[in-house]
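A.B. asks: Sequence lines, in order, name chains A and B.
Note that the numbering used here gives residue 52 to position 44 of the first sequence, counting from 1, and the numbers run on in steps of one.
Note that the numbering used here gives residue 142 to position 133 of the second sequence, counting from 1, and the numbers run on in steps of one.
I'd like to ask you about the structure that follows.
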Amino acid sequence: MTHAEPRTQDLWEILQAIPDPEIPVISLVELGIIRTVEWTHQRPRITISPTYVGCPANDVIQEDIRKAMSDAGIGPIDIVTALAPPWTTDWITPAGMDKLRAYGIAPPSRAPTHTCPQCGSTQTQIVSPFGSTPCKGIARCLSCTEPFEFFKCSAT
Amino acid sequence: MRSPSPAPTQAALYACAIRLGDNNLILGQQLARWIGHSPELEEELGTANVVLDLIGHARVWLTLAGEIEGLNRSEDELAFFRDSRDFHNLLLVEQPNGDFADTITRQFLYDAWHRLYLAELRGSQDARISAIAQKAATEVEYHLQRSREWVVRLGDGTALSHDKMVAALERVWRFTGELFEDDETDRELAAAGIAPLPSTLHAAWQAEVMRTLERATLSPPENVFMHSGGKCGRHGEQHSYILAEMQALPRMYPGATW
Chain A
9 MTHAEPRTQD
19 LWEILQAIPD
29 PEIPVISLVE
39 LGIIRTVEWT
49 HQRPRITISP
59 TYVGCPANDV
69 IQEDIRKAMS
79 DAGIGPIDIV
89 TALAPPWTTD
99 WITPAGMDKL
109 RAYGIAPPSR
119 APTHTCPQCG
129 STQTQIVSPF
139 GSTPCKGIAR
149 CLSCTEPFEF
159 FKCSAT
Chain B
10 MRSPSPAPTQ
20 AALYACAIRL
30 GDNNLILGQQ
40 LARWIGHSPE
50 LEEELGTANV
60 VLDLIGHARV
70 WLTLAGEIEG
80 LNRSEDELAF
90 FRDSRDFHNL
100 LLVEQPNGDF
110 ADTITRQFLY
120 DAWHRLYLAE
130 LRGSQDARIS
140 AIAQKAATEV
150 EYHLQRSREW
160 VVRLGDGTAL
170 SHDKMVAALE
180 RVWRFTGELF
190 EDDETDRELA
200 AAGIAPLPST
210 LHAAWQAEVM
220 RTLERATLSP
230 PENVFMHSGG
240 KCGRHGEQHS
250 YILAEMQALP
260 RMYPGATW
């Protein structure tokens, strides 16, 4: 398939433009959940890894991918879910990390305390280990007193 | 004579997936009843998140069970159109929510077992089981962190919260024996390298639980008669009420969609 290389690149560009349904500031590619894009039997086959198995965004993400591909005149496509190896927050791209921070969500961190995305202070406190989506928790900054969400670190 | 690594029967593989699916489904269904009633917003979020994870795990385990069974039964058919005797969850997870101390105690004892079981299951000879376990294990670690800290906070809290935790342990401890009972299916799965033998997890579970209870100034009740039967379909009265609530709508309106 001599034409496969440029077209695979096209697919990646379409995916790069699809926002995460719950954190629309980063794309599916930046979130690191698109594992592979390949062609099988002349059909694009996209393998995705869920952030959390029960995340309600999983179904929406598949719909969004199908719609974006169809809008670009591509289809039908196959979407495969791969659980192993498990997605971890290490798969978020550096650009994704920066966008999360700029949006006001502390990026995942192995450090014992989160850094306030507003003022940069490390004098922060966890308010709740769980937040508005499965991937986030809630913290507050003791320096600027602002509450903020943090991305739960799932890397070991 | 068994060879060192005999292939497991289809029935044993189905049991492996359906037991895990049912544990998470029944516990998730029960926990979901807290939503709208939690003591504070943050705990409501925490509970809702754990429910999402457990129901998510139940869905993939039941889907796998349906694939293994080969009768085209979907996750929904398995969840909504089986009767109590065909559910294979542990008795622990079907115990009533009670008060917050009962719920947290049940959760902690289950989380501690669940984490150990999944950790071993990651190395399963069955690639499908191993893949689910690898993913689920990362999520359950977080559940345990939460329930462990609540046990300490309530046990080592006020006189009232301490007393409620003592009462909660009295009520649910007798359902923990079943977590480590080996039956014929477990032995077959272990021999085939599919799943750990439950009894081999007891020491590590005991260590985790005792360490936490000590921090919580609590101790488990002694000389308790351990109940079992859930794994092979013998459930308490409560189980039918859980199913009645969970299954009423799809049974009244089969095929209903949003």
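Using N, Cα and C, we set each Cβ at its ideal position, and we do this for glycine too.
Looking at K160 (chain A) and C149 (chain A), is the spacing between their C-beta atoms short of 9 angstroms?
C.D. replies: Not a contact, by the Cβ cut-off of 9 angstroms.
A.B. asks: Return helix, strand or coil for G145 (chain A), following the three-state DSSP convention.
C.D. replies: Strand.
A.B. asks: Please report the distance separating the alpha-carbon of A163 (chain A) from that of G104 (chain A).
C.D. replies: Computed Cα separation, rounded: 16 angstroms.
A.B. asks: If contacts are defined as beta-carbon pairs under 8 angstroms, then D191 (chain B) and L206 (chain B) qualify, I think. What distance do you get, rounded to the angstrom?
C.D. replies: With a Cβ gap of about 5 angstroms, D191 (chain B) and L206 (chain B) count as contacting.
A.B. asks: Please compile the residues from chain A whose C-beta is within a distance smaller than 8 angstroms of the C-beta of A74 (chain B).
C.D. replies: What A74 (chain B) touches in chain A: nothing, since even the nearest Cβ is about 15 angstroms away.
A.B. asks: Would you mind working out which of A:T121, A:G128, A:S117, A:P84 sits nearest G52 (chain A), comparing C-alpha positions?
C.D. replies: The sequence shown places Pro at residue 52 (chain A), rather than the Gly named in the question. Checking every option, the nearest Cα to that of P52 (chain A) belongs to A:P84.
A.B. asks: Got a sec, what are the start and stop residues for the alpha helix (DSSP H) V149 (chain B) sits in?
C.D. replies: Looking at the DSSP string, the run of the alpha helix (DSSP H) that includes V149 (chain B) is 136-164.
A.B. asks: Tell me which same chain residues have a C-beta within less than 6 angstroms of the C-beta of T55 (chain A), skipping the five on either side of it?
C.D. replies: Counting only Cβ-Cβ distances below 6 angstroms, and skipping sequence neighbours, we find R43, T44, V88, A90.
A.B. asks: How would you label I138 (chain B), buried or exposed, when you count the other beta carbons within 10 angstroms and need 16 or more for buried?
C.D. replies: It counts as buried.
A.B. asks: Please list, in chain order, the chain B residues whose beta carbon lies closer than 8 angstroms to that of L91 (chain A).
C.D. replies: Chain B residues near L91 (chain A): V69, A140, I141, Q143, K144.
A.B. asks: Are the C-beta atoms of R82 (chain B) and some chain A residue less than 9 angstroms apart?
C.D. replies: For R82 (chain B), the answer is no, since every Cβ of chain A falls outside 9 angstroms of its Cβ.
A.B. asks: Pick from A:G40, A:Q70, A:I113: whose alpha carbon is nearest that of T96 (chain A)?
C.D. replies: It is A:G40 whose Cα lies nearest to the Cα of T96 (chain A).
A.B. asks: What's the call for F96 (chain B), buried or exposed, on a 16-neighbour Cβ count within 10 Å?
C.D. replies: So F96 (chain B) counts as buried.
A.B. asks: In whole angstroms, what separates the C-alpha of M77 (chain A) from that of I69 (chain A)?
C.D. replies: So the alpha carbons of these two residues sit roughly 12 angstroms apart.
A.B. asks: Who are the neighbours of F138 (chain A) on chain B, taking C-beta pairs under 7 angstroms?
C.D. replies: By Cβ distance, chain B contributes L54, G55, N58.
A.B. asks: Output, in sequence order along the chain, the residues in the stretch 235-247 of chain B whose CB is closer than 8 angstroms to any CB in chain A.
C.D. replies: Flagged: no residues at all.
A.B. asks: Kindly give me the distance between the Cβ atoms of G62 (chain A) and D62 (chain B), rounded to whole angstroms, as I take these residues to be in contact under 8 angstroms.
C.D. replies: Going by Cβ atoms, the distance from G62 (chain A) to D62 (chain B) rounds to 5 angstroms, so yes, they are a contact pair.
A.B. asks: Could you tell me whether the Cβ of E64 (chain B) comes closer than 9 angstroms to any Cβ of chain A?
C.D. replies: Just to set this straight, residue 64 (chain B) is Ile in the shown sequence, not Glu. So, interface residue.
A.B. asks: Quick check on the burial criterion: 16 or more other C-beta atoms within 10 angstroms. Buried or exposed for M174 (chain B)?
C.D. replies: Buried, because 16 or more other Cβ atoms sit within 10 Å of the Cβ of M174 (chain B).
A.B. asks: Determine whether the Cβ of S12 (chain B) lies closer than 9 angstroms to any Cβ atom of chain A.
C.D. replies: Note that S12 (chain B) scores a pLDDT of 48, beneath 50, so its modelled location is shaky and nothing firm can be said.
A.B. asks: Residues in its own chain within less than 8 angstroms of L87 (chain B) by CB, not counting five upstream and five downstream?
C.D. replies: I27, G30, L71, A74, G75, listed in sequence order.
A.B. asks: Quick one: measure Cβ to Cβ for I203 (chain B) and S133 (chain B), integer angstroms, because I've assumed they're closer than 8 angstroms.
C.D. replies: At roughly 5 angstroms, the Cβ-Cβ gap stays under 8 angstroms, so I203 (chain B) and S133 (chain B) are in contact.
A.B. asks: Relative to the alpha-carbon of A41 (chain B), which residue among B:E53, B:N32, B:R180, B:E49 has its alpha-carbon at the smallest distance?
C.D. replies: A41 (chain B) has its Cα closest to that of B:E53, out of B:E53, B:N32, B:R180, B:E49.
A.B. asks: Using a Cβ-Cβ cut-off of 7 angstroms (strictly less than) and excluding sequence neighbours within five positions of P17 (chain B), which residues of its own chain qualify?
C.D. replies: Result list for P17 (chain B): E197, L198, A201, I203, in chain order.
A.B. asks: Could you tell me whether the stretch 236-254 of chain B touches the stretch 100-111 of chain B, using the rule of 3 or more Cβ pairs below 8 angstroms?
C.D. replies: Output reads yes: the stretch 100-111 of chain B touches the stretch 236-254 of chain B.
A.B. asks: Could you tell me which chain A residues have their CB closer than 9 angstroms to the CB of T112 (chain B), listed as they occur along the chain?
C.D. replies: Per Cβ cutoff of 9 angstroms: no residues; T112 (chain B) is ~15 angstroms from chain A at best.
A.B. asks: For the 8 angstroms Cβ check, are there 3 or more pairs between the stretch 31-40 of chain A and the stretch 33-40 of chain B?
C.D. replies: Verdict: no, contact absent.
A.B. asks: Just by C-beta distance, which residues in the stretch 59-81 of chain A are closer than 8 angstroms to chain D?
C.D. replies: In the displayed structure, chain D is absent; the protein chains listed are A and B.
A.B. asks: Using only CA atoms, which one of B:Q256, B:G186, B:R94, B:W43 lies nearest to P229 (chain B)?
C.D. replies: Among B:Q256, B:G186, B:R94, B:W43, the Cα nearest to that of P229 (chain B) belongs to B:G186.
A.B. asks: What does L61 (chain B) touch in chain A if you count any residue whose Cβ is under 8 angstroms from its own?
C.D. replies: Within chain A, the residues near L61 (chain B) are Y60, G62, C63, P64, P142.
A.B. asks: Leaving out five residues on either side along the sequence, give the residues of the same chain with a beta carbon under 7 angstroms from the beta carbon of S93 (chain B).
C.D. replies: Here the set comprises H244, H248, S249, L252.
A.B. asks: Which residues in chain A have a C-beta closer than 8 angstroms to the C-beta of R268 (chain B)? List them in chain order.
C.D. replies: Absent from the model: residue 268 (chain B). The displayed extent of chain B is 10 to 267, so no value can be given.
A.B. asks: Going along chain B, which residues have a C-beta under 7 angstroms from P187 (chain A)?
C.D. replies: The first residue shown for chain A is 9 and the last is 164, placing residue 187 (chain A) beyond what the model contains.
A.B. asks: Within 9 angstroms (strictly less), CB to CB, does E86 (chain B) reach chain A?
C.D. replies: No, E86 (chain B) does not count as interfacial toward chain A.
A.B. asks: Just the chain A side, please: which residues come within less than 8 angstroms of E51 (chain B) by C-beta, in chain order?
C.D. replies: Near E51 (chain B) (Cβ distances below 8 angstroms), the residues of chain A are V135, S136, F138, I146.
A.B. asks: Determine, using beta carbons only, whether S151 (chain A) and Q131 (chain A) come nearer to each other than 9 angstroms.
C.D. replies: Yes, the pair counts as a contact, with Cβ atoms nearer than the cut-off.
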